[in-house]
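Just so you know, the protein sequences line up as chains A and B, in that order. Whatever position you read off the first sequence (first residue = 1), add 300 for this note's numbering. Whatever position you read off the second sequence (first residue = 1), add 19 for this note's numbering. Ideal Cβ placement from N, Cα and C applies to all residues, glycine included. Being a predicted model, the structure only gives us computed values, none of them experimental.
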Amino acid sequence: EVQLVQSGAEVKKPGESLKISCKGSEYSFTTYWFGWVRQRPGRGLEWMGLIYPGDSDTRYSPSFQGQVTISADTSISTAYLQWNSLKASDTAIYYCVRGNWYFDLWGRGTLVTVSS
Amino acid sequence: QSVLTQPPSVSGAPGQRVIISCTGSSSNIGAGSDVNWYQQLPGTAPKLLIYGDRNRPSGVPDRFSASKSGTSASLAISGLQAEDEADYYCQSYDRLSGSRVFGGGTKLTVL
Numbered sequence: 301e302v303q304l305v306q307s308g309a310e311v312k313k314p315g316e317s318l319k320i321s322c323k324g325s326e327y328s329f330t331t332y333w334f335g336w337v338r339q340r341p342g343r344g345l346e347w348m349g350l351i352y353p354g355d356s357d358t359r360y361s362p363s364f365q366g367q368v369t370i371s372a373d374t375s376i377s378t379a380y381l382q383w384n385s386l387k388a389s390d391t392a393i394y395y396c397v398r399g400n401w402y403f404d405l406w407g408r409g410t411l412v413t414v415s416s
Numbered sequence: 020q021s022v023l024t025q026p027p028s029v030s031g032a033p034g035q036r037v038i039i040s041c042t043g044s045s046s047n048i049g050a051g052s053d054v055n056w057y058q059q060l061p062g063t064a065p066k067l068l069i070y071g072d073r074n075r076p077s078g079v080p081d082r083f084s085a086s087k088s089g090t091s092a093s094l095a096i097s098g099l100q101a102e103d104e105a106d107y108y109c110q111s112y113d114r115l116s117g118s119r120v121f122g123g124g125t126k127l128t129v130l
């Protein structure tokens with residue numbers, strides 16, 4: 301069964317850095333777009349950005365441009381979402397998704413809690 | 020404030036039909052961008068329900084259907100079942116921002 305396997309929950313302090321991961325299927329990783337969607341506690345879905353691992357083409361939502369970095373390592377079929385300096389407002393579940401115009405595969409989500 | 024507007028909640032009795040609306044603008048739905056729908060059951064990740072305005076992925080019951088007209092789209096769920104109780108989100112592409120955008124979500128309660 302094709303699935304996206306995300307890294308585990310994280311608890312961080314404000315100002316700390318973090319990189320979470322999403323492992324896809326080896327045979328097709330470079331032929332799909334992969335992205336990230338944020339869901340704050342009790343709130344809706346927010347598209348953050350996506351990457352095409354085949355050529356590292358990356359697009360960001362204006363709301364997240366400069367706030368996070370999306371990257372991928374094709375050698376291990378893994379996409380990443382990275383913060384240099386977390387804020388309390390980054391507390392959320394982050395979903396890894398497959399697709400460009402729509403998202404046909406979702407990871408189970410990574411809960412990131414930022415608290416002092 | 021979401022770019023796509025959905026009603027916060029809808030409800031219906033088992034067996035009934037409900038419709039969830041998604042209102043956009045001339046820079047997204049009205050510009051011809053496809054509308055997609057997702058179902059998020061409590062405590063789980065969202066799941067693709069409808070793509071490309073009206074297409075169901077394999078495994079999605081035909082009780083779920085969708086349409087689009089002008090700057091709006093709608094998701095219809097017929098023969099409501101208790102298991103349909105979930106949050107539903109529309110999603111499209113906004114040509115002004117270059118972003119994939121979601122509606123604020125609609126909570127469906129099966130009475």
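For this session: Return no unless some Cβ of chain B is closer than 8 Å to the Cβ of Arg408 of chain A.
Result: Position 108 of the first sequence holds residue 408 of chain A. Yes, because at least one Cβ of chain B sits closer than 8 Å to the Cβ of Arg408 of chain A.
Exercise. So, is the C-beta of Phe403 of chain A closer than 8 Å to a C-beta in chain B?
Worked result: Here the question's residue 403 of chain A lines up with position 103 in the first sequence. Cβ-Cβ to chain B under 8 Å: yes for Phe403 of chain A.
Exercise. If we cut at 8 Å on Cβ distances, does Glu310 of chain A have a partner in chain B?
Worked result: Taking the first sequence and counting its residues from 1, the one referred to as residue 310 of chain A is at position 10. No, Glu310 of chain A lies away from the interface with chain B (no Cβ there is under 8 Å from its Cβ).
Exercise. With distances taken from CA atoms, which of B:Ile96, B:Cys41, B:Pro65 and B:Val120 is nearest Phe364 of chain A?
Worked result: The residue you call residue 364 of chain A lines up with position 64 of the first sequence. Comparing Cα positions, the closest option is B:Val120.
For this session: Specify, as a first and last residue, the run of the beta strand (DSSP E) that Asn55 of chain B falls within.
Result: The residue given as residue 55 of chain B occupies position 36 in the second sequence. Taken as a continuous stretch (DSSP letters only), the beta strand (DSSP E) holding Asn55 of chain B covers Asn55 to Gln59.
For this session: Tell me whether Pro353 of chain A is buried or exposed, calling it buried when 16 or more other Cβ atoms sit within 10 Å of its Cβ.
Result: For the purposes of this step, residue 353 of chain A is identified with residue 53 of the first sequence, where counting begins at 1. That one is buried.
Exercise. Of all Cβ atoms in chain A, is any one closer than 8 Å to the Cβ of Asp72 of chain B?
Worked result: Locating residue 72 of chain B in the second sequence gives position 53, counting from the first residue. Closer than 8 Å: no.
Exercise. Cβ of Glu301 of chain A less than 8 Å from any chain B Cβ?
Worked result: For this step, residue 301 of chain A is matched to residue 1 along the first sequence. No, Glu301 of chain A lies away from the interface with chain B (no Cβ there is under 8 Å from its Cβ).
Exercise. Thinking C-beta only, is Trp401 of chain A closer than 8 Å to Asp53 of chain B?
Worked result: Indexing the second sequence from 1 puts residue 53 of chain B at position 34. Indexing the first sequence from 1 puts residue 401 of chain A at position 101. For Asp53 of chain B and Trp401 of chain A, yes; Cβs fall inside 8 Å.
For this session: Using only alpha-carbon positions, find the residue among A:Trp336, A:Val302 and A:Ser317 that is nearest to Leu350 of chain A.
Result: Mapped onto the first sequence, residue 350 of chain A falls at position 50. That would be A:Trp336, whose Cα lies nearest to the Cα of Leu350 of chain A.
Exercise. Who are the Cβ neighbours of Gly71 of chain B in its own chain at under 8 Å, not counting the five residues just before and after it?
Worked result: In the second sequence, residue 71 of chain B corresponds to position 52, counting from 1. Hits under 8 Å: Asp53 and Asn55.
Exercise. Which one of B:Leu67, B:Thr128, B:Leu60 and B:Thr125 has the shortest CA to CA distance from Val79 of chain B?
Worked result: Translated into positions along the second sequence, residue 79 of chain B becomes position 60. Measuring from the Cα of Val79 of chain B, the nearest candidate turns out to be B:Leu67.
Exercise. Hey, is Leu381 of chain A's beta-carbon within less than 8 Å of any beta-carbon in chain B?
Worked result: In the first sequence, counting from the first residue as 1, residue 381 of chain A sits at position 81. It does not; no Cβ of chain B falls within 8 Å.
Exercise. Is there at least one non-hydrogen atom of the ligand SAH closer than 7 Å to the beta-carbon of Tyr395 of chain A?
Worked result: With respect to the ligand SAH, the structure shown offers nothing to examine, as it has no ligands at all.
For this session: Pull up the CB-CB distance for Asn47 of chain B and Ser111 of chain B, whole angstroms please, since I reckon it's below 8 Å.
Result: What you label residue 47 of chain B is simply residue 28 of the second sequence in a count that begins at 1. What you label residue 111 of chain B is simply residue 92 of the second sequence in a count that begins at 1. Contact flag correct, Cβ pair sits at about 5 Å.
For this session: Taking 8 Å as the cut-off, decide whether the C-beta atoms of Glu310 of chain A and Thr378 of chain A are in contact.
Result: Taking the first sequence and counting its residues from 1, the one referred to as residue 310 of chain A is at position 10. Taking the first sequence and counting its residues from 1, the one referred to as residue 378 of chain A is at position 78. Not closer than 8 Å, so no.
Problem set entry | C-alpha distance - Pro33 of chain B paired with Asp357 of chain A, whole-angstrom precision | Taking the first residue of the second sequence as 1, we reach residue 33 of chain B at position 14. Taking the first residue of the first sequence as 1, we reach residue 357 of chain A at position 57. The alpha-carbon atoms of Pro33 of chain B and Asp357 of chain A are separated by roughly 46 Å.
Exercise. If the cut is a Cβ gap below 7 Å, which residues of chain A does Ala85 of chain B touch?
Worked result: Locating residue 85 of chain B in the second sequence gives position 66, counting from the first residue. Within chain A, no residue comes near Ala85 of chain B; the closest Cβ sits about 12 Å away, beyond 7 Å.
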